[in-house]
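Input: a single structure, listed below in structure tokens.
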Amino acid sequence: MSNWGRWGKDDQIGALNLITPSKRRQAAGLVKEGFSVSLAGDADTIKAVDNPNPYEHTMLAIGSDRIAVSYHGIAHTHLDSLAHINANGVFYNGYTPDPEAVLKQGHTRNSIHNVKNGIFTRGILIDIPRLKGVPYLEPGTPIYVEDLEAWEKKAKVKLSPGDALFVRTGVWARRKAVGPWLRGRAEGGRSAGLDPSVIPWLKQRDIAILGSDHPQYVSPSNLRGAVHDFALLYLGVHLFDNCDLEALADAAAARQRWEFLLTAAPLPIRGGTGSPLNPIATF
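In this note's numbering, the protein residues as written are 1 to 283.
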């Protein structure tokens, strides 16, 4: 169950190959109103249990500033490149770099620079809290294929090859209601998210991108981080981590439209493992 070699031995963008010119034209046709909403959280400069590495924003002069961030993790909206996750030193499509060389110069393959032309495709929101009639999922709640397909039936929308799938768990709604808590892979971390059993379904649906308001996986789990890691390493699916999907959920519900044009462009960092960015949904 792998996409290695599917687009050739030299491929570095994985499932983004599914976003063809015809797919982009289809996505452009989804714009009916011209109403846009951001899928990014604000750059958070406040340290917390779920934000151990906050943004650093320093004013250098009255009209100049400096921004720095260690963006991987559970706090900041970002796009993971296919150079982010490896198994025993091997990355997507068999890329096996010398670790010492990577630390000196960055990655020579699979880096975020390969996505510099941007992402322009059909986006689909699957809103699991709305499906279950709750404001947010409690930490540790797994999301199964049955949930994803129940939403498709309820919303009368179905994923197609090349789509960007966004799964809302309501993590930011819960954080607003009860405050920050320990999430992610940390010992004792608890997060709602996709159960590992959904991986074959994601492969079958041929999505180009997977996004969520968390790094996709349920925690605790016997296969902690499985969906996140498998998608990057074996499916070649880039990941939007830690999106703020609350405004999107409200906009979609108000219109009863769960598909939209999704646009995003990472910073073109040669050798980079990902990039902070601001995805936009347009209805």
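Cβ coordinates follow ideal geometry from the N, Cα and C atoms, glycine included. Note that the structure is predicted; figures quoted are calculated from it, not measured.
- Annotation: ALA247 to ASP98 spans about 42 angstroms, alpha carbon to alpha carbon.
- Beta-bridge annotation (DSSP): PRO276 is paired with HIS78.
- Annotated as proximal: ASP195 and PRO142, with beta-carbon spacing under 9 angstroms.
- Going by C-alpha positions, TYR144 is about 33 angstroms away from THR96.
- Sixteen is the threshold: when 16 or more other Cβ atoms of the shown chains lie within 10 Å of the Cβ of GLY14, as they do, the residue is buried.
- Linking TRP258 to THR45 through their CA atoms gives a straight-line distance of about 32 angstroms.
- Looking only at ASP65, LEU60, LYS116 and GLU149, the smallest Cα-Cα distance to ILE126 is reached by GLU149.
- Under a 10 Å Cβ-count criterion, VAL178 is classified as exposed, with fewer than 16 other Cβ atoms of the shown protein chains found around its own Cβ.
- By DSSP's assignment, THR263 forms a beta bridge with PHE120 and ILE280.
- For the 9 angstroms CB-CB criterion, ASN53 and ALA75 form a contact.
- When PRO268, ASP244 and ALA281 are compared, the shortest CA-CA separation from LEU262 is found for ALA281.
- Beta-bridge pairing by DSSP links ASP127 to ARG168.
- Under DSSP, ARG66 forms a beta bridge with THR58.
- The three-state reading of DSSP puts TYR92 in helix, counting H, G and I together.
- For the options ALA249, ILE269 and PRO200, the alpha carbon positioned closest to that of SER36 is the one of ALA249.
- Taking C-beta atoms as the reference points, VAL167 and LEU210 count as a pair closer than 9 angstroms.
- Within the same chain, ILE199 come within 7 angstroms of PHE230 by CB-CB distance, once the 5 residues on both sides are set aside.
- As a beta-bridge residue in DSSP terms, ASN51 pairs with ALA48.
- Rounded to the nearest whole angstrom, the C-alpha separation of ASP163 and GLY225 is 22 angstroms.
- Leaving aside the five residues that flank GLU56 on each side, the residues in its chain whose CB is nearer than 8 angstroms to its CB run, in chain order, THR45, ARG66, ILE67, ALA68 and VAL69.
- By the CB criterion at 9 angstroms, ALA208 and ASN117 fall outside the cutoff.
- DSSP places PHE240 in no alpha helix (DSSP H) but in the uninterrupted beta strand (DSSP E) bounded by 238-241.
- The residues VAL145, in chain order, have a CB closer than 6 angstroms to that of TRP201 in the same chain once the five nearest residues on each side in sequence are set aside.
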